[in-house]
Structure formats: structure tokens, C-alpha cells
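Student: Sharing a structure here in C-alpha cells format.
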């Protein structure tokens, strides 16, 4: 029997599913079952509440790991004030819990039922629009996960707890401003205040408050005193989201014939206002991002919003830079590397309709984009779109389902599409758009295989692995850097050495919790488990037989160290999760590389996808065949994806 794709499964039933009682949600002891009055059939033995008129009933999903929806009564004070998607506080068990009002509920079976009332509403307007509730219902049903937990996981920090909603404030910078042209005689005896005012006048009458505080300790309190006397004031200036130098890209004057043809197809689909899925299959460097930008422009001209999904946080700064270069502050960003306040600010801006375009990683598939008309999934083949814990959803598939529910155009873009996507094209479920040539007919990179068995020196006793950089690679790097161009070295392993092995007994150092080999991080002088985070100092001797430990296997730290050793004049940086510890650090590193302030970038798959660095003309995949040995039935497919993507960064 042929299995239908996720987006062809019926979604109307999930969106219109009637509220269930608590029978399938909680299994408790007899005493507790009698106490849990939000479960009608369990409370059948409780005497009915005396009421002249039937109460208004509400269906609520509770943010607890229990299945089903629960029926609560609506107090008279809240009658007519509830809207689907609002967060509410409800009694649950012996305490209270965060709940989500989903709509009116049917009268429970049996007449002898006493329902608990909703305690209060936590927000004025719903956190979740109706179309998003339908998607979350579908996700909970399809992936067999409690609906309340699905909804809570979709919300940003600040809305996922049973607290009243607070308006997130934008970033502001405070400025101290002098209101006089000279220090008045009245401050002759107030030396500290006089010094602050004199500093402001010396720098032109205005300066950032942080600068003044750094120059004169206690300046903040002194400025408050000056403000009371009418001699100075503190202004706040909203910081507009900008684009780092190096990540700014202008609008090209003309498109290639293939780009133009793809744009015509997408504009026509957007004009119809019905669901249409596309696969944009374009080689690396063919200008897929420009096609996305033109489609988003057209959607915006129609008054519709756009949702752009990328697989890695590392891709977000460059893509956001391109979108903000084109649309200014009309772009919201959603990913986990942002501060909680920033994520909440962007979410609220989307929900109010102030911003029409959202760019983010897989969790952004739940972004509350108003009047959604376009969904783009860039690098749709990437395994990062699959959530591996809690709700184990595939964001690419949910994006297609959401497009069907919203009547939006869905564009899946990739140079190496997933096999499932190609099969959907073959069966006529997706329409194919192709970009077979690079922009300006730039040539595809030539690929050379280097057999390390032949190139690496093997004479003498081997105590550690041979050098990583082979003679042909070193020669190519020296030639490339000599021309003033840039190099990317790709290795999908963090750390310095991947295995610490005892030379005597052959025992490898493993994590006590995960039973996987610990990775040596030389910069921290520690061994770390990349699964649970366990870390400890590097042991000098084997913990079992006290034999010497060999450091085998390679990671990005070791590649970086060898490049610095072999090419001391080169400007080298490493891009992985250990070095890019924050969104600001990641953006600055990518911007520096784009500005050609770095010569060599060593990194994991964060450097392999979607980036556009015109100065890069040489890419090396270190130990290219290691990913074929991963115990995963998709190992060969993913190896092909990675090698094709990273080679496409060249030229």
C-alpha cells in the first residue's frame, strides 16, 4: 500500500476535532481521580453543582505531559472575553497550570458533573492565531505528542510559563545631553556634577551614557541630579536592526534567464492565492536566494507575509543580512541563539502584524506570520530540520502542511534535494523549477581527490597520526593565499582529537553516562562528551593500567593548529559550536570573513551550507570519506549532500 506524504493527509479533521474529555489524558489512583474534577467521567460520583442555567464550557489544552483536551467552566466575569489561542491559568490536580483556550466545549457525558472554572486570562490578545492552532493540532496528532506541550514548545520564552504577558521592549541606547552651553557658577561647589557637565560640553554636548559612566564613575546618579536642576537630560534612542558590514548585498540589476523564469512561475502562483508546492533545484551559486527575495517582494506587494526557514543558525546572519538589505526593519529573526527578550520582541511584532517577514531555523515554522502567502525552506534536504527530542517533528514537512492550510506558495530550495522531495516531483506532487547555471556563467569548481595513503609520510614508528595537511593541499593553499584569495577547510568534527587510546591495554576513554568516546579539546585542556556535556581534565595516564594515552583522530581544533603551524602568516579562524558561542560572535566572524579580514576559515558543517563568499576559491574537505562509516542508512546520501554543498562554496 502506497504511503501518502504528510501534506496529503487530511488536515481538516485535525483542525476541527471536537474537544475530548480527560479520559485519555490522565491515569491516576481512585482518590486522585475523584479529586480531578476537570475529567467529567471520572467525577461522575461527585454531587452535581446546583445551577439554574447551564455553564459556558471551554476546551483547554494544559501544558503538562498529558494527552487530550480538558473541559473547564467559564466564570461569568470571563464570559465573552475568551478568544481561541489565549493563554489561561487553570486548576489542575492539586495545583495550577498554564492552559490554552481552544474554543467552546461540548457538554460532558453524564449530568452529575462538577467542573473546575478557569481562574484567569493571562493576556489580552491570543498568543496563537487560528491558523497556527490548526497546525499545532495536526502536529500533536501526527507525531503523537500532548497538544498542550506542543503549543508550549511553539511559544517563545516569556509566553511559555503561567505568567502575565509583558510587552518586550526593543533595544535602546541612552544618551546624556547637556542643556546649557557652559558650566554655571552654581555648580562651583558640586565638583562631581561640574565634571560630568564639563565632559559633555567637551565632547559636543551629547554622549552615550555608557561612555560617560566609563569616563566618570557614578555619572548615572550625577546626571539624575543635573536633570532635576534642568542642566542635562537622558534621552533614549531605539536601536534599529542593522546589517554587519560584509553581509550587505544590493539588488542585482538583472537576473539570469533561469532566475527570471522561476520568478515568473512563483509570482503567478502567489497571484492565484492557492496552495502550490515547488522544488527550486539550483546548483550552488545559481542565485536561489535572489529568487526567494523577489518572491517575498511580490508577496509583500500583495499584502501577504513570508516565512523563510534555514537549517543552521550559522546561515541566519547572512540570509537576514540579505533580507534586511532589501526590506529594512520588516524582517523578524527567530532562533535559539537570540536572547529571550529578543525572541519575544520579534514574536510579538509578527503577531501584531507590524512585521511581515520571518527568518529562522526549524522552530520558526510555528511563527505567527499574519496572512501567510509564501513559505521558503532553504537547503530543504538538511537533517537539521528534524527535531531529535521532545516533539520529533520534521520542519520541512510541517512547512508544506502549513502552506496547504494557509493556501500559501511553498518553495523547497536545494542544490542536492532529498530523495523524498525528488520522488514527490516525479509523482507530480511538486512542480520543478531548475537553475542549471551559476550567475554570470561562472564555472563550477574542479574537484581533485587526494589519496592520503600515498601522500602521508609513514616511515618510522607511528606514535600519533601523520600530518593532516598533505603536500598537494599545502601547495594549493599557498598559491591561493598568494593571489589574495581565501580558503575554507571543512571537517565535521569538533575538538582536537576524537579518541584517547591507551597504548598498552588499548582501552579508549569513554563517557561514563553515554558510553561514547570523549573528545579532546586542547584549548580547554579537557575531554568533553558531545552528547551529555560531561567534561573532565585530560588524564596523563590510562585510568585502568596507567599506560600512556595516544591522541588519535582529528577535529577542527587540530586542523586549525596545524594550519597556524605550517602557515604562521595566515589569518586563521575556526567556526564551530565551541568558537561561535553567541549570535553576536557568529555574525562578527562571518562578517570578518566576508570582508576578507581572514584568510583561512576552518569549520564544521556551519561553513558548508548556503554562504556566499566571493573571495573563496579553494575548499578542502578533510578526511572526506569518514562520514560514510557513520551507522546511519542515510550516510551515503548525507555525505553526497555535504560534499556537494561545501564544494559549491568555491568559485
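Residue numbers (the UniProt record's numbering): 1 to 651. C-beta atoms are modelled at their ideal positions from N, C-alpha and C, and glycine is treated no differently.
1) Could you name the residues of the same chain whose beta carbon sits closer than 8 Å to that of residue 179, not counting the 5 residues immediately before and after it, in chain order?
2) Could you check how far apart the C-beta atoms of residue 574 and residue 557 are, in whole angstroms? I think they sit under 8 Å.
3) Among all the DSSP beta bridges, which residues are the ones paired with residue 278?
4) Who does residue 357 pair with in a DSSP beta bridge?
5) Measure from the alpha carbon of residue 533 to the alpha carbon of each residue in 514, 307 and 76, then state which is nearest.
6) I need the DSSP call for residue 148, collapsed to helix, strand or coil.
7) Give the list of continuous beta strand (DSSP E) stretches no shorter than 3 residues that lie fully inside the region 493-552.
8) Excluding sequence positions up to five away, which residues of its chain have a Cβ less than 8 Å from the Cβ of residue 177?
9) DSSP three-state call for residue 367: helix, strand or coil?
10) Let me check one thing: in DSSP terms, what residues is residue 99 bridge-paired to?
11) For residue 360 versus residue 381, is the C-beta spacing smaller than 7 Å?
12) Using beta-carbon positions only, say whether residue 337 and residue 357 come within less than 7 Å of one another.
13) Kindly identify the DSSP beta-bridge partner or partners of residue 386.
14) Where do the N-terminal and C-terminal ends of the alpha helix (DSSP H) with residue 446 fall, by residue?
15) Could you check whether residue 425 and residue 432 sit closer than 7 Å to each other, using their CB atoms as the reference points?
16) When you compare each of 279, 283 and 606 to residue 441 by their alpha carbons, which one comes out closest?
17) The beta strand (DSSP E) spanning residue 160 covers which residue range?
18) With distances taken from CA atoms, which of 251, 617 and 299 is nearest residue 264?
19) According to DSSP, is residue 622 part of a helix, a strand, or is it coil?
20) Can you check DSSP and say which residues form a bridge with residue 652?
21) Whole angstroms are fine: how far does the CA of residue 164 sit from the CA of residue 124?
22) So which of 561, 508 and 565 has the shortest CA-CA distance to residue 538?
23) Looking only at its own chain, which residues have a Cβ that is under 6 Å from the Cβ of residue 602, when we skip the five neighbours before and after it?
24) Can you tell which of 251, 136 and 383 has its C-alpha closest to the C-alpha of residue 322?
25) What is the rounded straight-line gap between the Cα of residue 542 and the Cα of residue 505?
26) Spell out the partners DSSP gives residue 602 in its beta bridges.
27) Exposed or buried, residue 443, counting other C-beta atoms within 10 Å across all chains shown (16 or more means buried)?
28) Would you kindly check if the distance between the Cβ of residue 410 and the Cβ of residue 674 is under 7 Å?
29) Looking only at DSSP bridge pairs, what is residue 174 linked to?
30) So what's residue 70 in DSSP terms, helix, strand or just coil?
31) Buried or exposed for residue 525, please, with buried defined as at least 16 other CB atoms from any protein chain shown within 10 angstroms of its CB.
32) What does a CB cutoff of less than 6 Å around residue 503 pick up in its chain, not counting 5 residues either side in sequence?
33) According to DSSP, residue 117 sits in a beta bridge with which residue or residues?
34) Nearest to residue 270 by CA position, among 117, 255, 521 and 305, is which residue?
35) At what residues does the alpha helix (DSSP H) containing residue 301 begin and finish?
Tutor: If we stick to the structure as given:
1) 230, 231, 232 and 233
2) 7 Å
3) 411 and 431
4) 306 and 331
5) 514
6) It is helical.
7) Fully enclosed beta strand (DSSP E) runs of 3 or longer: 499-502, 519-521, 526-528, 535-537 and 549-552.
8) 200, 205, 206, 232, 233, 234 and 235
9) coil
10) 62 and 88
11) no
12) Going by C-beta atoms, residue 337 is not nearer than 7 Å to residue 357.
13) 394
14) No alpha helix (DSSP H) contains residue 446, which DSSP labels as neither H nor E.
15) yes
16) 283
17) Segment: none, residue 160 is in no beta strand (DSSP E) and carries neither H nor E.
18) 299
19) coil
20) Missing from the structure shown is residue 652; the chain here goes from 1 to 651 and no further.
21) 10 Å
22) Selected option, being the one with the closest Cα: 508.
23) Its chain contains 489, 556, 559, 560 and 574 as the residues whose beta carbon lies nearer than 6 Å to that of residue 602, once the 5 sequence neighbours on both sides are disregarded; these appear in chain order.
24) 251
25) Those two C-alpha atoms are separated by around 9 Å.
26) 489 and 574
27) exposed
28) Beyond the ends of the chain as shown, which are 1 and 651, falls residue 674; an answer cannot be given.
29) 236
30) strand
31) Exposed: under 16 other Cβ atoms inside 10 Å.
32) 547, 548 and 550
33) 73
34) 305
35) Element bounds for residue 301: 288-301.
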